[in-house]
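Below is one structure, written out as structure tokens; the observations come after it.
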Amino acid sequence: MSNPMSAQPVFWRDSELPHVELRQVSDGRAVCYEPHSHTQWSMGAITGGQSTFEYVGRHYHVSEGSLVFMNPEWVHACNPVDNQPWAYLMLYVDAGWLASLRVRLGLLDAPVWRDIHCDISSSAVLYSGFQTLALRLQDDFVPSKKKRNDVEAFLSEVMVSISGAAEQAEQPFPPAPETLQELARYLDGHCTDELSVEWMAERAGLSPSHLVRVFRKHFGMTPHAYQINRRVQLGQRAIRRGAPIADAALAAGFFDQPHFQKVFKRLVAATPGQYGRPPKRAPDRV
Numbered sequence: 600m601s602n603p604m605s606a607q608p609v610f611w612r613d614s615e616l617p618h619v620e621l622r623q624v625s626d627g628r629a630v631c632y633e634p635h636s637h638t639q640w641s642m643g644a645i646t647g648g649q650s651t652f653e654y655v656g657r658h659y660h661v662s663e664g665s666l667v668f669m670n671p672e673w674v675h676a677c678n679p680v681d682n683q684p685w686a687y688l689m690l691y692v693d694a695g696w697l698a699s700l701r702v703r704l705g706l707l708d709a710p711v712w713r714d715i716h717c718d719i720s721s722s723a724v725l726y727s728g729f730q731t732l733a734l735r736l737q738d739d740f741v742p743s744k745k746k747r748n749d750v751e752a753f754l755s756e757v758m759v760s761i762s763g764a765a766e767q768a769e770q771p772f773p774p775a776p777e778t779l780q781e782l783a784r785y786l787d788g789h790c791t792d793e794l795s796v797e798w799m800a801e802r803a804g805l806s807p808s809h810l811v812r813v814f815r816k817h818f819g820m821t822p823h824a825y826q827i828n829r830r831v832q833l834g835q836r837a838i839r840r841g842a843p844i845a846d847a848a849l850a851a852g853f854f855d856q857p858h859f860q861k862v863f864k865r866l867v868a869a870t871p872g873q874y875g876r877p878p879k880r881a882p883d884r885v
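The numbering used here puts the last residue of the sequence shown at 885; the count rises by one with no breaks.
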């Protein structure tokens, strides 16, 4: 564990549990996010102080004891209030793995992700359970098998608790027309290319200004921000695989490493070096 007053984020990962990742921040006054999204489903717990929570156009004021939930690809940002101290935990869960768990729980008919319409919760049971899980995950002397079982048990409890909201899941943005969906798919596969807004607008058959406006309406961010978000996700995946920062920058389409570090910190609220140095887990005890 880090110094309890450290402003440095702490990341936990384990190669035996590739479907989950934990982040802990003890002093979040310097932690500021630009709007972004994740490919994973994620949940957070405010463990001290208070913060703002902006989620697909909805605005919340959350404080110690609050839980927040984020669907994959839904744009969000959490930031401090008037430079006041706040602390939090975040758990990122592979959406495919979680969909399969929901099938086993009888909450889905097929292992295909279905968004859950539950933004926040004040459940003391889930909040306490999250804190307990975070401590166990970061405990070097808890075997990976035990951690895997604990993760599944806790997330099963969470899914059952909020499952009723899944049936009425509201899409945060109106469905995009096919031309914009095709452009988004192209950006997914070519996010490292240097693409001007003029080129993207021509591809979509729109003027640049109209493209920016309608793309934000349907996806929650501009085409350029969408592309940069995808690039940073590529960089994160490369770092999780153990790639050096310079190689991760290249994999994400950044030929200037300082530029990669600057953009990465804006969206992840951590430097690539901090993200790439999770605590090392000791060998499992027999």
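Backbone N, C-alpha and C define an ideal beta-carbon position, used for all residues, glycine too.
This one's a predicted model, so the numbers in the text were calculated from it and none came from an experiment.
Is it the case that the Cβ atoms of residue i and residue j are separated by a distance below 8 Å?
i             : j           : result
aspartate 641 : valine 692  : Note that residue 641 is serine in the sequence shown here, rather than aspartate. Their beta carbons are under 8 Å apart, which means serine 641 touches valine 692 by this criterion.
alanine 850   : leucine 833 : yes
proline 684   : serine 650  : no
arginine 836  : leucine 786 : no
glutamine 697 : glycine 643 : With the sequence shown as reference, residue 697 is identified as leucine, and glutamine is not the correct amino acid for it. In this structure, glycine 643 does not lie closer than 8 Å to leucine 697 by Cβ.
In this structure, how does DSSP classify residue i when only helix, strand and coil are distinguished?
i              : result
glutamine 623  : strand
proline 633    : Note that residue 633 corresponds to glutamate in the displayed sequence, not to proline. Reduced to three states, the DSSP call for glutamate 633 is coil.
alanine 845    : helix
histidine 675  : strand
methionine 669 : strand
serine 662     : strand
glutamate 555  : Because the chain in this structure spans residues 600 to 885, residue 555 falls outside the shown range and cannot be described.
Return the CA-CA distance between residue i and residue j, expressed in angstroms with no decimal places.
i             : j                 : result
glutamine 873 : isoleucine 761    : 33 Å
alanine 845   : lysine 864        : 15 Å
proline 773   : leucine 779       : 12 Å
alanine 848   : phenylalanine 854 : 7 Å
threonine 791 : glutamine 623     : 30 Å
proline 843   : glutamine 856     : 11 Å
aspartate 681 : alanine 709       : 45 Å
DSSP has residue i in a bridge; who is on the other side?
i                 : result
isoleucine 719    : Val667
alanine 686       : Gly647
methionine 642    : Phe668 and Leu690
phenylalanine 610 : Arg622
How about residue i: is its C-beta nearer than 8 Å to some C-beta of chain D?
i             : result
histidine 635 : In the structure shown, chain D cannot be found, because there is only a single protein chain.
Checklist entry - Contact between the region 700-718 and the region 655-670: three or more CB pairs below 8 Å? => result yes
Checklist entry - Hey, is the region 672-683 in contact with the region 722-740, meaning 3+ C-beta pairs nearer than 8 Å? => result no
Checklist entry - Can you find at least 3 beta carbon pairs, one from the region 702-713 and one from the region 647-666, that sit closer than 8 Å? => result no
Item to check | At least 3 beta-carbon pairs within less than 8 Å: the region 634-654 vs the region 819-834 | outcome: yes
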